[in-house]
Each structure stands twice: as C-alpha cells, then as structure tokens.
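Chemist: Please find one structure pasted underneath; my questions will follow.
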Amino acid sequence: MTRPVDPERRAAGFIALELHESTHDRLVWGMRQNRDKAVAGVPEWEELREMASRIKEHTLTHLDHYLEQFEKSATKLRTHVHWARDAEEHNAVVYDVLNAHRVKSLIKSKSMLQEECGMTPYLQQRGIEVTESDLGERIQQLSDEPPSHIVVPAIHKLRTDVAALFAEKIGTDPKDSDPHALAEAMRQNARPRFLKADAGMTGANFAVAETGGFVVCTNEGNADIGASVPPLHIASIGIEKLIPRGRDLGIFIRMLSRSALGTPITQYTSHFHGPRRGGELHVVLVDNTRSDRLGSPDFWHALKCIRCGACMNTCPVYRRGGGLSYGATYSGPIGVILDPGFDLSKYRELPFHSSLCGSCTDVCPVKIDISDQIYKWRRVVAAKGLLSFAKRVGMSALGKTLAHPPLYHSAEAVGEWALEHLPRFLLYNPLNPWGKHRELPAVPRQTFRQWYIENRRKP
Amino acid sequence: MKLGLFIPCYIDAFFPEVGVATLELLERLGCSVEYPLDPTCCGQPMANSGCQDDASATEALFVHCFQDFDTVVGPSGSCVHHVRFNLDAIEQTPQAQKVRGRTRELVEFLLDDLKVVGFPWAAFPHKVGLHDSCTAVRGLGHARPSERVNEPYFSKTRDLLDKVRGLELVKIDRPDECCGFGGSFCVTDEAVSAKMGYDRVHDFHRHGAEYIVSADMSCLLHMKGVIDRLKLPMKVIHIAQILNGGPP
Amino acid sequence: MSPREAILSAVRKNLPRPAVPLPEVPGSERKGIKHGLGYKEHLTRLPEVPGAPDVNEPLLPYFRRQLEAMGGRSFEVADAAAARAKVAELFPDANVVCSAVSEVPGTRRIQDVRDPHELNDVDVGVVRSPLGVAEAGAVWLTQAELVVNALGVLSQHLVVLLDPAAVVETMHDAYERIDLASSPYGVFLAGPSATGDIEGVIIHGAQGARSLTVLLLAPAARKDPR
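Below is the structure:
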C-alpha cells in the first residue's frame, strides 16, 4: 500500500511561512474577485453554465462516437492520431515520434496531462532536453517542483524566491526582484531555446470531434511559438477533452478565462487543424483512468472539468495551505476529487483537506458537484478501510456513545462530559490540536438537557 | 402542530443557553414545543468523516425519537443540513423520509414557515457582524452565496436581524468566507482551520463588530476559541439569543 | 487488442446512462451584450452590464475598450498612407518590419520568408485580420493571413489591420463566421503576450509580441467599390 501524502502537515508548513501564505491568499482571492467582476459582465452566466454542463455530459455519454469522429476528421487533415491507454504508453508514443525525428531538444507549453504522465522526466532520462516555455511552469521546472496551481503554477512563490532561483539558474542579479526584470530575463533565456528546439509539445483545452482540431489557450503565446517554429508539433489530449462541434467552443471560451483570471478570453486562443505549412502534427489521445471514472455514477461528472482553476481560487483551504500541500498533480478542490481516482491509497487524506464550504461547486463553470464528490470520496476512503487511525478509532468511539442515550447521558451526569467524551473526535490526539491556536470552551454548570429536566419536567 | 425541538449535541454540552433561548423564542411565538430527552446527535460527525457504519445507529436513534412530530426545529444549519441531505446511513424507511423532510432550521422556520413579522421584545444596540455558515448558505439556501454575482442578494438571517431594534450590521471584506470549523476538519487540519478562523475573526474585528452572530453555534464555538486566544474585545452570540431579547 | 480498441471498448462498457441530449447553442443574431443574450425566454430580469452595447448600439467602441483592457490599443486610420505613417510613428526605431499586407509594405515581405526561424529579427510584424470580437477585444488570424504562422508570435511588436465593419458581438457570433477546418492554424488574439506568473503582476511581452496595435482600416477593395 502506498504511503499517503499528508496535506495537513504540508499546509501547516506553508502557513508557517507567514508572508507566503498571506500573499498567496491575497493574490488567489484577487483572482476570485476578478472572476466575480467578469461574470457580472455576462448576465446569462447561469445559462452558459447549464449549457456547458450539458454539452460535456452529452459528449461523455457518447464518448466512443466522438472519439471515432475526431480521429476520422483529424486524419483527413493529415494529423497523425495515436492512442495511449496509460501514462507509460503515452510517454512511449511521444518518445517514439520524437526519436523517429531525431529530436534532441523539445520546447513544451503547459499540459496537466503531461504532468500527470510524468512525461518530462521520462524523456529527460532518454536524453531529450525538455524546456517548459510558460514562465510559471519554467519557474517550477527550475525549482524541481510540480505546478501548485493549474493556471498560475508558481503563485505560491514570492518575487524574492523567483529572484533567488533565477540568480542561481540563469545568472540574473539576485538583488533585482522586479517582476518585469525577471520576466524579461526569462524571455531572453527562452527565445534561443524556442529557435533551436526540434519539436514543440502542447496539451489541449478542447478537441472538436466535428472539425478534427483542438484548441490551446495561453496568455503568453508560448504554445503558439512551440507549434509554429519547430517543424514537429505533438499534442497530448485527454479523451475527456472532446466536444462535438466547432460552435460549442463559443460557450466554453466565453467561460474559461473569465472563470480563471477574470479576463473575457485568454490572450491567445489557438486552433490547430492539421499540420502547418512545412510542419508535421501528431496528437496522442490518452485514457489513463478516464474510462474507469466514466463508469462511476458518483464521480464521472469530474470528467467535465475544463481546468480553469476557479475552484482553487475560491477555496479557503487551498488559499491557506497552497497548492503543493496536496502533493499531487492536481491540487485544490478539483484535485481532491481527481487524485484519489489515480491512487486511492496515496491520496486518501485529500478528501479531508476541505472544510466542505461548497463554494467550489458554485463557481464551477461546467457545474461539477465538486463539494458533494469530496464528501462521497470520504465514504469511499472509510469503506475501503483507509481512514487514519485517529479518525477510525475516534469515530467508532463517538458513534458508539452517541447511539446509546443511557451511555451518553450517564457520561453527562458525571459532569465534565464534554471534555471527557464528546471531544474525543475533536481532541483524540495527545497534541490536542484544538488548543494550539484556540481556547477551549468553558464547560457550563449544566447541559441543556439537565436544564430542561430541572425547569420543564418538574413533577 | 406538534413541534419537536432538536438541540444538537455540542449546543447541549457547551451552550445550553442557546437551547434555552431557542425554546423560549419558539414558545413566545406561540409554538407548542416538546424536547424529547433521548436524541443525542444527528450522526453528522461520523458521516462527515465518511464513517457511515459508525453513523447509522445514531441516525436511527434520531429518526426514532422524532418520528411522531409534525415538524422538527433545530438551531443549527449544519445539523439540519445533515438530516435533510445526508442522513442516509440507515434504510430510508417512510419514517426516516418523513423526519428528514420535516426537519427545519430555526431561521427558515421563523421566516418561511411562521412568517414572523417582528420581535417587539428584541433590542440589541450593538454593532454586529453576520456569519452565515457555509451549509446554511450553500446547503440550505439561506443567503445568496457571494460567487453567484448575477442573482439578487438576500440573506434570511439578515432579514430576521433587521427586525431587531438598535442592531447595526457591519459590512466585512469577505461576506461568506468559511470560518474554518468544518467539523473534525478543525482538528485534523488544525493549521488551516485556525488560520481561516483568525482571518475570519480579524475581518469582523477590523470592521468594528462587537458581536459575531450566526445561526450556527459550531462556527461560533470555533471563532470564540480564536477570539479568546487573541483576547479581542468581541463576543459571539447565536441568533436565537438576540431574537429572544438578548443574552440572559 | 490495440490501444485504440482497448480504449474504445472500455469507454463503451462504461458510458454513463441515461444519455444526455446535445443542446443547441445560441445563434449569431445580435441580442445586445448589455442585457445578456437571455437564451431562456423567461429570464428577463438579468442585471445590466454598464458600458456594454445594447442591440441598437455600435460595437466598435466596446471592442476598442475591451482590447485596451486586454493590453492592446487601437487607432482609426483614414487610408493606407495613414497606416504606414502610424506604423512609422509608433515604431521609429524598427529595423525589420515584416508585412503580410499591401497597405504597409515594411522592409520584408512575408511571402519571401521560407522558414519561421528567419523571423527571429523582426521588430514589427504587420497582418490583416478578417474578424474582430467585441466582447473579447480579440482579432482572428489564420495561416491565410499570417502566411508564416510564427509572424504572430516571433515579432517583437504586432500591428493588425482590421475592417471596423468586421466586428461581431460575442464569441458565439465569431464561431458562426469562421471555418475552423479550413486553416491549420487560427488564433483569437486579444492584446499582447502577457503573464501574471510572478506575484500576479501583469507583464506584457512574456514570450510572444510585446504589444498589439490594431489599425482600424477597411480593405481597399471594400472602400473603393470600383
């Protein structure tokens, strides 16, 4: 059994870096506020959500049909279509294509699927130089960390962290932490890599079955450089990214960046249909547990996700603990419901890294019942016997006490019941976590029940 | 109408005065209220941790104790939410369905069912910060969540507090940010929970609130723990206490 | 079983039921951004968007405001000579101006470029867009206009000519008007390359063009019907 990641401990570590946590909370909440303003500019927002949700549900309930249609339309446009059952197969397909083209150097834009597959280390071990071209992803690559946010991968870092990192890795002045200077330094560093790259890789935000093309949304234009400068373009596409028609894009493009950053659209919304003049285009359609999830009545709706990050921005737990606390490819509320599907044992603690406030469900542009799924994953964890020892024992004791009024009330009669028994679930821990940052409540002279018997049940 | 009073376990144990205020308030408004002595809890603490097996006996006890009432009223959004939406560790018998369908949270019972027009006895000349709990806002629909920006704003709790003489509601920066209680989350994710609590309490303090009022005592239990640790000049109070004419 | 067959059969086995019907998406008739597209008849009391155009109001001012919010800028120019003068005025130090339009010849014709790497030294790229989208402040560019796609992203600065009459209201309208499969590359470009990856500070010129300038000018053929 895999050792579980410990989001609570990781989050506590991030919170202990006080300036990091407060800056992170302020910036990420700022994105939520920008999202609110952008949504207020679209009065029909709730209808868009409903339509987006239904288009995704329609596609997923006819996914075999749309996969075949996509393959047919894409092939007609001279796109090479590959299929991969899992991460290993995806990486092997990509490597084979790169190898056949004698690719030594690769420039890639952000792809959560390629993260999920662990593609970069796989290719690096086989002698291919891989450079992330998105600024945030490059920061994370140089830090040897996964992205902490789907949209802004290095949002947990302060400008001074980036200055120190760039000073060490690309030779900038460690004392200059002006974001403009840092971004310019990376632009100068990345440009030669774009020019010498033998191949460009991207993910895809949407794949259109009818037209056989796919859409990549970025703000930096880095995917467009990777696709238009090197002669070879490979895109990794999760099978859940399909939508039926070109005109369906209107719905999703209107929602994606408004939900993510609060802008009406990403700076670049790029559509790829067949190879560019003088180029070659490959797409890899990847399953990697998606077809399993499709068969789960409780969890298949998570496949509607368009990776906007709105649920992260609104999540009070994500904002405090930071994205790296999840110890997984996907963080935030969407990560809590996606990650256990990849490895339940490893990610068994994630469903508890949530206060179940429900805001994620409300902001989700495709109406995924995120909060309800978090709750249901807790049941799955418990039913599979994967609850932590403290929770298992605490809940069992509590359940037994609360199920038996005489036991419960005799405990009460002895007095101090509250601190002796009830808080077992609160306080079942020698470290007494409640009291670390909070005072314990005073125990009143009598319980309500005792008061009621004394005052209202007198013979 | 036979009305059963549902006093959640932590109110029973820690805040009996909230139970008393709820009972007196309902009686003042003409309800005939009975408090059955046997129920202990709704099952939420166990169910929230995924432990359906551990929750089932408690849920069965809850249904058994309240099955003969026309309406069950409880002064806690999260417990009522559990009963109505998540009490499914037991077989869904007609009795279980009846109890679940008839369980009402105090605020909605006063506003939607009793349609109370005023609380002439209630005066509370203080600056008050309103904390609508997450389960009340998004689970029971007590208020428009801040993220649903295109829908008209409403808050049932605020509507009730507006009927109290002298009470002044303060505006805060993040009107419905979670306070971080979250049930067992408050101890299993202690650092995050506490930081959320600190931020929430500071938001109220910064805007001059003397009291934090809520229909959920569990959130207030947590925020009181923060206030006491930080020694801030603020108090917490359940809405039933204000509507019943102020703290005893 | 091939990976393809394995995936398709796993998907078929697990298709969620009941199947959900495909909803119709809004058409391209103008409805007025100000009051929302109001797809559902009964949703009449939607909040008003301040500053957004109503059904009878022109779209161009809104397009220009949205473009500016995205970090771009726009100018009205009277004719080709004015466009050339504007480019010269805005980029006095430009050495290489690579152009895909006849109105502004520049120093290099994109048709003469064989390989995208040749565009590395371009200071200003000039191209014409066939379509603007008001709500997004975006212009549409394809390989047909760019000729070499990298012109849009390797140029330090980008100038886009746009017919002011070619602006549509929303992304729905835009997708009704374009034929996606007809070009290997098509991009809605809204402002310059941008990033907020360091402490959320918005910086223009992350990897692609540092600036986007839209010159509002109808194509010669349309202006002069002869």
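Residue numbers (the working numbering), protein chains in the order written: chain A, 362 to 820; chain F, 47 to 294; chain P, 7 to 232.
For every residue, glycine included, the Cβ atom is placed at its ideal position computed from N, Cα and C.
(1) Does the beta carbon of A/ASN583 sit closer than 9 Å to a beta carbon anywhere in chain P?
(2) Give, in chain order, every residue of the region 678-706 of chain A whose Cβ lies closer than 7 Å to some Cβ of chain F.
(3) Taking all protein chains shown into account, decide if A/TYR691 is buried (16 or more other Cβ within 10 angstroms of its Cβ) or exposed.
(4) Taking only beta carbons into account, state which residues of the region 193-206 of chain F come closer than 7 Å to chain A, listed in chain order.
(5) Within 10 angstroms of its Cβ, does F/ASN290 collect 16 or more other Cβ (buried), or is it exposed?
(6) Counting pairs of Cβ atoms below 8 Å between the region 450-457 of chain A and the region 418-431 of chain A, do you hit three or more?
(7) Please name the residue in P/SER217, P/PRO67, P/VAL31 and P/VAL193 whose C-alpha comes closest to that of P/ALA140.
(8) Short of 6 Å in beta carbon distance, which residues of its chain neighbour A/ALA515, apart from the five on each side in sequence? Order them along the chain.
(9) Tell me whether A/GLU449 is buried or exposed, calling it buried when 16 or more other Cβ atoms sit within 10 Å of its Cβ.
(10) Would F/PHE170 and F/LEU206 be called neighbours here (beta carbons separated by less than 9 Å)?
(11) For A/GLU490 and A/SER472, which I take to be in contact (beta-carbon distance under 8 Å), what is that distance rounded to the nearest angstrom?
(12) Quick check on the DSSP output: what are the complete alpha helix (DSSP H) runs of length 4 or more inside the region 142-186 of chain P, in order along the chain?
(13) So the beta strand (DSSP E) A/ALA445 belongs to, where does it begin and stop?
(14) With C-beta atoms as the reference, is F/LEU215 less than 9 Å away from F/VAL247?
(15) Taking Cβ-Cβ distances below 7 Å as the criterion, which residues of the region 75-104 of chain P are in contact with chain A?
(16) A/LYS417 to A/VAL569, Cα distance in whole Å?
(17) So what does F/GLU214 bridge to, in DSSP terms?
(18) Going by DSSP, which residues form a beta bridge with A/ALA373?
(19) Since A/PHE821 meets chain P, which of its residues come closer than 9 Å, beta carbon to beta carbon?
(20) Using a threshold of 9 Å, state whether the C-beta atoms of A/GLY587 and A/MET547 are closer than that.
(21) On the DSSP letters alone, give me the boundaries of the alpha helix (DSSP H) that A/LEU503 sits inside.
(22) Among the residues of its own chain, which have a CB less than 6 Å from the CB of A/LEU646, if the five just before and after it don't count?
(23) Give the residues of chain P in contact with A/MET412, contact being defined as C-beta atoms less than 7 Å apart.
(24) For the pair the region 148-157 of chain F and the region 111-118 of chain F, tell me if three or more CB-CB distances fall below 8 Å.
(25) Report yes or no: is there a C-beta of chain A within less than 9 Å of the C-beta of P/ASN20?
(26) Check whether the Cβ of A/PRO540 lies closer than 9 Å to any Cβ atom in chain P.
(27) Looking only at its own chain, which residues have a Cβ that is under 8 Å from the Cβ of F/GLY228, when we skip the five neighbours before and after it?
(28) With H, G and I counted as helix, E and B as strand and the rest as coil, what does DSSP make of A/CYS676?
(29) Measuring only the C-alpha atoms, how far is A/LYS707 from A/ARG739?
(30) My output table needs one value for F/THR117: the three-state DSSP class, helix, strand or coil.
(31) Would A/ASP534 be called buried (16 or more neighbouring beta carbons within 10 Å of its own) or exposed?
(32) Counting only Cβ-Cβ distances shorter than 8 Å, please list the residues of the region 200-216 of chain P near chain A, keeping chain order.
(33) Which residue or residues does DSSP assign as beta-bridge partners of A/HIS643?
(34) Going by DSSP, what residues sit across from F/HIS128 in a beta bridge?
(35) For the region 452-535 of chain A, list the beta strand (DSSP E) runs that are entirely contained and at least 3 residues long, ordered along the chain.
(36) List the endpoints of the continuous alpha helix (DSSP H) containing F/SER78.
Modeler: Looking at the coordinates:
(1) At least one CB of chain P lies nearer than 9 Å to the CB of A/ASN583.
(2) Here the close residues are VAL678, ARG681 and GLY682.
(3) Burial call: buried.
(4) Per Cβ criterion, the list reads GLU193, ARG194, VAL195 and ASN196.
(5) Counting every other CB atom within 10 Å of its CB across the protein chains shown gives F/ASN290 a total of 16 or more, marking it as buried.
(6) Under the Cβ criterion (8 Å, minimum of three pairs), the region 450-457 of chain A does not count as touching the region 418-431 of chain A.
(7) That would be P/PRO67, whose Cα lies nearest to the Cα of P/ALA140.
(8) Scanning its chain for C-beta atoms nearer than 6 Å, with the 5 sequence neighbours on each side dropped, one finds around A/ALA515 the residues GLY497, ILE500 and GLN501, in chain order.
(9) Result: exposed.
(10) In this structure, F/LEU206 does not lie closer than 9 Å to F/PHE170 by Cβ.
(11) Actually they are not in contact, since the Cβ atoms of A/GLU490 and A/SER472 sit about 17 Å apart, beyond 8 Å.
(12) Counting only runs of 4 or more, we get 149-152, 157-160 and 177-183.
(13) Looking at the DSSP string, the run of the beta strand (DSSP E) that includes A/ALA445 is 441-445.
(14) No. Outside cutoff.
(15) Within the region 75-104 of chain P, the residues whose Cβ lies closer than 7 Å to some Cβ of chain A are MET76, listed in chain order.
(16) Cα atoms of A/LYS417 and A/VAL569: separation of roughly 12 Å, rounded to the nearest angstrom.
(17) In the DSSP assignment, the residues bridged to F/GLU214 are F/LYS173.
(18) In DSSP, A/ALA373 forms no bridge with anything.
(19) The requested residue 821 of chain A is not part of the displayed model; chain A covers only 362 to 820.
(20) Inclusion of A/GLY587 and A/MET547 in the CB contact set at 9 Å is not warranted, their separation being larger than that value.
(21) Membership of A/LEU503 in the alpha helix (DSSP H) is indicated by the continuous run 496-504.
(22) Excluding residues within five positions, the ones whose Cβ falls inside 6 Å are TRP444, ILE598 and ILE600.
(23) By Cβ distance, chain P contributes PRO29 and VAL31.
(24) With the cut-off at 8 Å, the region 148-157 of chain F and the region 111-118 of chain F touch.
(25) For P/ASN20, the nearest beta carbon of chain A is closer than 9 Å to its own beta carbon.
(26) Residue contact check for A/PRO540 against chain P: a CB pair falls below 9 Å.
(27) Within the same chain, F/GLY228 has close Cβ partners ASP235 and SER239.
(28) If DSSP states are grouped into helix, strand and coil, A/CYS676 belongs with coil.
(29) If I take the Cα positions, the gap works out to 14 Å.
(30) In the structure shown, F/THR117 sits in a strand (DSSP, three-state: E or B).
(31) By the neighbour-count rule (16 or more Cβ atoms within 10 Å), A/ASP534 is not buried but exposed.
(32) Against chain A - using a Cβ distance shorter than 8 Å - the residues of the region 200-216 of chain P are ALA200, THR201, GLY202, ASP203, ILE204, GLU205, GLY206, VAL207, ILE209, GLY211, ALA212, GLN213, GLY214 and ALA215.
(33) Per DSSP, the beta-bridge partners of A/HIS643 are A/HIS441 and A/ILE595.
(34) Beta-bridge partners of F/HIS128 (DSSP): none assigned.
(35) For the region 452-535 of chain A, whole beta strand (DSSP E) runs of length 3 or above, ordered along the chain, are 466-469 and 490-493.
(36) Per DSSP, F/SER78 lies in no alpha helix (DSSP H) and is assigned neither H nor E.
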